[in-house]
Every structure is written in structure tokens, then in C-alpha cells.
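Numbering-wise (this note's numbering), the sequence shown opens with residue 629 and increments by one. Even glycine gets a Cβ: it sits at the ideal position worked out from N, Cα and C. Given the structure is predicted, the values throughout are model-derived calculations rather than measurements. What follows is a set of notes on a single structure, which appears directly below.
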Amino acid sequence: VIGVIIFSGTIKGSGAVTEISEMMRAYHVPLFPFIVVLSFVSGLVTGLAMAYVGIVFPILAPLLLQVTSNPLPFLVLAFGCGFIGVLFSPVHICLILTHQYFRSDFATVYRGMIGPVAVVFGTLIGLFLTLLYLLPASG
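Printed below as a string of C-alpha cells:
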């Protein structure tokens, strides 16, 4: 937790968000895949919701306020993609305990997860699109 707080403060204090925003514009990086990949990889690497939220949201929140008047759909997308990353994370404690308790191999477990996670992702995309097009922009 302390590490996440320090990271968040460092990101805010260093001006990295402005640099990331400028780089995204210069290289024409679309916001949607950037959020999906950044959030998923953060969740996959950390295996904890609190950690990926503490890493990704300090980067995204100011960035979204600069590029859109409706940041909520993108924050929902980021949270959902990070959660999917946590589900697939080999360091997620639930996955480790399940694997050890049932003496399964990871390939079988991951194959069994693909369908349910695809449903979660499809629902997430539906929610994202609903919020994006039906929620009025603030400000």
C-alpha cells in the first residue's frame, strides 16, 4: 500500500501524465486500446485490485480529464480490464490456492476461464458503450 501511494505521488509530482498525454497525441495512440492494455497488464503483473487501481488510475484520471469531457466510461473500462488481468494473474492468491488445492495444471485452469472471462469482457464492453453514448458529458 505504501509503495502504491509513493508511486501515485511520484507520477503526479513528476509531470509524467502530461508527457504520456503528449506522447499519445504525437503518436496517435487511441485511448481505448491504451486503457485496455495498460489496465490488463497492471492487473496481470500485480494480481491485486488495490495495486492495479493505485498504479493505473493516477495515470488515467488526469489524462482523461485532458482528453474527454466524459471520463466515467473509460474509468469503468480501466477497472474492468484490470480486474480481468487479476483473474488471469499467476500471482493472484485465489488462482494459486485453487491450483494447489485441486492439483490442476495452469493450462487446464486457464482454458476453463476463457469462456466466463469472455462473458465478463463482453459485458464490460456493453457497459462501456452504454456509458459512453448514453451518459451526458459533464461540464
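Subject >> Cβ-based neighbour list, Ala-677, same chain, cut-off 8 Å, excluding 5 preceding and 5 following >> reply: Gly-671, Gly-710, Phe-711, Val-714
Original post:
In whole angstroms, what is the alpha-carbon distance linking Phe-707 and Arg-653?
Top reply: 23 Å
**OP:** Would you please state the rounded distance, in angstroms, between the beta carbons of Ser-636 and Pro-686? I believe it to be under 8 Å.
**Re:** 4 Å
Original post:
Mind checking whether Ser-667 and Tyr-680 have CB atoms under 8 Å apart?
Top reply: yes
Original post:
Which residues bound the alpha helix (DSSP H) around Val-569?
Top reply: Lying before the first or after the last residue shown, residue 569 is absent from the chain, which here runs from 629 to 767.
**OP:** Kindly provide the ranges of any alpha helix (DSSP H) runs that are 4 or more residues long and lie completely inside the region 648-700, ordered along the chain.
**Re:** 659-674, 677-695
Original post:
In angstroms, rounded to a whole number, what distance separates the CA positions of Ile-607 and Gln-694?
Top reply: Nothing about residue 607 can be read from this structure; the chain reaches only from 629 to 767.
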